[in-house]
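S.K.: Protein chains in written order, with this note's numbering: chain A, 1 to 258; chain B, 1 to 197.
1. With C-beta atoms as the reference, is residue 130 of chain A less than 8 Å away from residue 182 of chain A?
2. Strictly under 8 Å for the Cβ-Cβ distance: is residue 163 of chain B near chain A by that measure?
3. Closer than 7 Å, Cβ to Cβ, to anything on chain B: give me those residues from the region 137–154 of chain A, in chain order.
4. Between residue 17 of chain B and the rest of its own chain, which residues show a CB-CB distance below 6 Å, the 5 nearest in sequence each way excluded?
5. Quick one: is residue 72 of chain A buried, meaning 16 or more other Cβ sit within 10 Å of its Cβ, or exposed?
6. Are the CB atoms of residue 26 of chain A and residue 140 of chain A within a distance shorter than 8 Å?
7. In chain order, which beta strand (DSSP E) runs of at least 3 residues are fully inside the region 183–243 of chain A?
8. Comparing the C-beta of residue 205 of chain A with each C-beta of chain B, is any distance below 8 Å?
9. Given a limit of 9 Å on CB to CB distance, which residues of the region 3–24 of chain A reach chain B?
10. Let me make sure I understand the geometry here. Which of A/50, A/165 and A/176 has the alpha-carbon closest to that of residue 122 of chain A?
11. Alpha carbon to alpha carbon, what distance is there between residue 54 of chain B and residue 199 of chain B?
12. Enumerate in chain order the residues of its own chain whose CB-to-CB distance from residue 195 of chain A is below 6 Å, with the five nearest sequence positions on each side excluded.
13. Exposed or buried, which one is residue 179 of chain A when buried takes at least 16 other CB atoms within 10 Å?
14. Please say whether residue 123 of chain B and residue 85 of chain B have beta carbons closer to each other than 8 Å?
15. Here's the rule I'm using: 16 or more other beta-carbon atoms within 10 Å means buried, otherwise exposed. How should residue 1 of chain B be labelled?
16. Here's a check: name, in chain order, each residue in its chain whose Cβ is nearer than 8 Å to the Cβ of residue 35 of chain A, leaving out the five neighbours to either side.
17. Which whole-angstrom value is the C-beta distance of residue 188 of chain A and residue 37 of chain A, which I expect to be below 8 Å?
18. Going by alpha carbons, who is nearest to residue 150 of chain B out of B/128, B/176, B/135 and B/167?
19. Determine, using beta-carbon pairs with one atom in the region 74–85 of chain B and one in the region 203–211 of chain A, whether at least three such pairs fall under 8 Å.
20. Can you look up residue 32 of chain B in the DSSP assignment and give me helix, strand or coil?
21. Just the chain C side, please: which residues come within less than 7 Å of residue 172 of chain B by C-beta, in chain order?
22. Go to residue 10 of chain B, then tell me how far its beta strand (DSSP E) extends in each direction, as first and last residue.
23. For residue 104 of chain B and residue 14 of chain B, I'd like the C-alpha separation in whole angstroms.
24. If you follow the alpha helix (DSSP H) that residue 51 of chain A is part of, which residue opens it and which one closes it?
25. Please state whether the Cβ-Cβ distance between residue 49 of chain B and residue 5 of chain B is less than 8 Å.
26. Going residue by residue through the region 63–128 of chain A, where are the continuous alpha helix (DSSP H) segments of at least 4 residues, counting only ones entirely within it?
27. Could you tell me which chain B residues have their CB closer than 8 Å to the CB of residue 156 of chain A, listed as they occur along the chain?
28. What in chain A is Cβ-close to residue 75 of chain B, meaning under 7 Å?
29. May I ask which residues mark the beginning and end of the beta strand (DSSP E) holding residue 143 of chain B?
30. Can you give the Cα-Cα distance for residue 93 of chain B and residue 43 of chain B, rounded to whole angstroms?
31. At 9 Å on the CB atoms, spell out the chain B contacts of residue 200 of chain A, in chain order.
32. Residue 152 of chain A: beta carbon under 7 Å from a heavy atom of the ligand MN?
33. Return the CA-CA distance between residue 129 of chain B and residue 100 of chain B, expressed in angstroms with no decimal places.
34. Looking only at C-alpha atoms, which of A/117, A/8, A/16 and A/100 sits nearest to residue 126 of chain A?
35. Among all the DSSP beta bridges, which residues are the ones paired with residue 27 of chain B?
36. Could you name the residues that DSSP lists as bridge partners for residue 206 of chain B?
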């Protein structure tokens with residue numbers, strides 16, 4: 001069990017992990033994993049820029065993340081454009097870090113993750129967003145289910161434009177919040193790897209969501225249990241644990257009967 | 001019978017028109033097989049009805065409250081797709097049919113089905129989509145439904161299509177003469193509906 005001082009970071013990290021696992025399952029089902037990379041990178045760029053300008057981090061990160069998502073949604077290219085946008089974000093952070101000392105510190109914080117220093121503000125943000133995610137879950141699922149159909153067409157009406165925009169805004173907010181709390185590499189690992197591992201294990205959409213949660217939470221707990229006693233930064237440990245768990249999930253299907 | 005689909009001098013395509021002008025009216029409750037050689041525009045017409053292709057000129061109108069479902073000619077499956085047959089029917093707004101062949105697929109993952117099973121499931125979903133609505137409001141578009149059907153599921157597919165409730169309108173394309181014959185559909189060559197001149 002974490003000590004009292006670490007209860008808040010532990011709670012914030014766990015809640016964010018669960019939200020990110022849900023977002024990751026959605027991105028996997030939509031086939032939009034490259035978009036997540038680009039979006040996360042620009043959320044981090046927004047955070048670094050905010051530190052240079054002495055502006056609050058969250059609105060700037062959300063604004064840049066939202067702008068990137070709007071750009072990516074307008075294009076049918078699901079690989080090259082997101083990759084180019086991701087690289088542009090990486091370049092922007094590197095340039096900012098090279099020219100401003102504050103940016104250099106902020107970039108390091110986004111890369112390593114600041115989970116151990118998460119305070120009540122992060123915990124409340126994670127709890128509030130978790131609650132919003134619960135309330136939106138059925139609508140998010142509807143969008144992701146409908147995204148599977150094309151080129152077939154259902155006779156029932158698809159999700160409204162309002163619901164689709166809500167889903168996009170929710171994804172942006174989830175990735176920005178996750179990157180802020182866990183650090184960019186850990187957030188992306190939580191977003192992408194549990195959903196990929198779960199896709200090997202699940203027998204249905206519901207199973208995919210549950211396995212994604214299970215793998216993400218297990219990864220968080222294991223990484224927490226390893227990084228604290230060994231005095232290691234949390235984010236890289238989480239990345240390695242998430243890779244190992246996803247790899248195990250992949251391997252397990254080879255030895256599954258039937 | 002009033003027309004459920006009424007096309008008047010329509011020119012269809014994607015970025016530019018490639019078919020038309022074309023005029024046809026499909027009466028409500030009929031079962032049509034649209035015939036014609038490859039590339040004649042049969043699939044394009046079905047896509048235009050569902051809004052996946054553009055109407056560049058003319059008028060393409062559906063009767064009020066029409067609910068349209070489409071089985072596209074092909075649906076490539078992702079290599080890793082953690083959805084079950086039941087998930088697919090749910091996504092299509094279809095209740096699982098009582099048909100035994102479909103019941104067997106409900107718990108199976110989509111990426112682990114054979115090509116024939118996948119086609120059969122998609123067909124069942126397109127036929128049952130919004131099937132709680134009055135049949136008269138339903139327009140079912142099937143683009144080459146006999147594609148990928150192996151001998152094991154071919155009879156199931158014919159059975160499912162033949163079981164459509166009276167009043168529902170069916171418009172399908174197929175190159176498979178035996179399949180069309182088994183369903184006893186009215187055959188209409190698309191070329192006959194191209195406007196003269």
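All residues carry an ideal CB built from backbone N, CA and C; glycine is no exception.
M.R.: Based on what the coordinates show:
1. Residue mapping note: residue 130 of chain A aligns to position 130 of the first chain, counting from 1. Residue mapping note: residue 182 of chain A aligns to position 182 of the first chain, counting from 1. Taking 8 Å as the Cβ cut-off, residue 130 of chain A and residue 182 of chain A do not qualify as a contacting pair.
2. In the second chain, counting from the first residue as 1, residue 163 of chain B sits at position 163. No, residue 163 of chain B does not count as interfacial toward chain A.
3. Residues 145, 146, 148, 149, 151, 152, 153 and 154.
4. Mapped onto the second chain, residue 17 of chain B falls at position 17. Contacts found: 11 and 56.
5. In the first chain, the residue the question calls residue 72 of chain A occupies position 72. With 16 or more other Cβ atoms within 10 Å, it is buried.
6. Indexing the first chain from 1 puts residue 140 of chain A at position 140. Indexing the first chain from 1 puts residue 26 of chain A at position 26. Yes. Within cutoff.
7. Every candidate beta strand (DSSP E) stretch fails here, since none sits fully inside the region 183–243 of chain A while reaching 3 residues.
8. Taking the first chain and counting its residues from 1, the one referred to as residue 205 of chain A is at position 205. Residue 205 of chain A counts as touching chain B.
9. Answer set for the region 3–24 of chain A: empty.
10. Within the first chain, residue 122 of chain A is the residue found at index 122, counting from 1. Closest by alpha carbon: A/176.
11. This structure leaves residue 199 of chain B out entirely; chain B is present only between 1 and 197.
12. As a position in the first chain, residue 195 of chain A is number 195, starting the count at 1. Same-chain partners within the cutoff: 24, 25, 28 and 212.
13. Locating residue 179 of chain A in the first chain gives position 179, where the first residue counts as 1. Residue 179 of chain A is buried by the Cβ-count criterion.
14. In the second chain, residue 85 of chain B corresponds to position 85, counting from 1. In the second chain, residue 123 of chain B corresponds to position 123, counting from 1. No, the Cβ-Cβ distance between residue 85 of chain B and residue 123 of chain B is not below 8 Å.
15. Here the question's residue 1 of chain B lines up with position 1 in the second chain. By the neighbour-count rule (16 or more Cβ atoms within 10 Å), residue 1 of chain B is not buried but exposed.
16. Reading the first chain from its first residue, position 35 is the one you call residue 35 of chain A. Closer than 8 Å at the Cβ level, and outside the excluded window around residue 35 of chain A, lie 27, 69, 72, 78 and 82.
17. Residue 188 of chain A sits at position 188 when you count from the first residue of the first chain. Residue 37 of chain A sits at position 37 when you count from the first residue of the first chain. The Cβ separation is near 6 Å, so the contact holds.
18. Walking along the second chain from the start, residue 150 of chain B turns up at place 150. Per the Cα distances, B/176.
19. Touching, per the Cβ criterion.
20. As a position in the second chain, residue 32 of chain B is number 32, starting the count at 1. If DSSP states are grouped into helix, strand and coil, residue 32 of chain B belongs with the strands.
21. Of the protein chains in this structure, namely A and B, none is chain C.
22. Taking the second chain and counting its residues from 1, one reaches residue 10 of chain B at position 10. Its beta strand (DSSP E) spans residues 3–13.
23. Sequence index remark: in the second chain, residue 104 of chain B carries index 104 (1-based). Sequence index remark: in the second chain, residue 14 of chain B carries index 14 (1-based). The alpha-carbon atoms of residue 104 of chain B and residue 14 of chain B are separated by roughly 39 Å.
24. Along the first chain, one-based indexing puts residue 51 of chain A at 51. 33–53 is the span of the alpha helix (DSSP H), which, as asked, contains residue 51 of chain A.
25. Translated into the one-based positions of the second chain, residue 49 of chain B becomes position 49. Translated into the one-based positions of the second chain, residue 5 of chain B becomes position 5. The Cβ atoms of residue 49 of chain B and residue 5 of chain B lie closer than 8 Å to each other.
26. With a minimum length of 4 residues, the continuous alpha helix (DSSP H) runs that stay inside the region 63–128 of chain A are 80–99 and 101–112.
27. Position 156 of the first chain, counted from the start, is the residue given in the question as residue 156 of chain A. What residue 156 of chain A touches in chain B: 67, 92, 93, 129 and 130.
28. Here residue 75 of chain B is taken as the residue at index 75 of the second chain, counted from 1. Simply 151 and 152.
29. By 1-based counting over the second chain, the position of residue 143 of chain B is 143. First-last of the beta strand (DSSP E) with residue 143 of chain B: 138–143.
30. Reading the second chain from its first residue, position 93 is the one you call residue 93 of chain B. Reading the second chain from its first residue, position 43 is the one you call residue 43 of chain B. Spanning the two alpha carbons is a distance of roughly 23 Å.
31. Walking along the first chain from the start, residue 200 of chain A turns up at place 200. Simply 80 and 82.
32. The ligand MN is absent from the structure shown, which contains no ligand whatsoever.
33. Along the second chain, one-based indexing puts residue 129 of chain B at 129. Along the second chain, one-based indexing puts residue 100 of chain B at 100. Computed Cα separation, rounded: 18 Å.
34. The residue you call residue 126 of chain A lines up with position 126 of the first chain. Residue 126 of chain A has its Cα closest to that of A/16, out of A/117, A/8, A/16 and A/100.
35. Along the second chain, one-based indexing puts residue 27 of chain B at 27. B/3.
36. No statement about residue 206 of chain B is possible, as the shown extent of chain B runs from 1 to 197 and does not include it.
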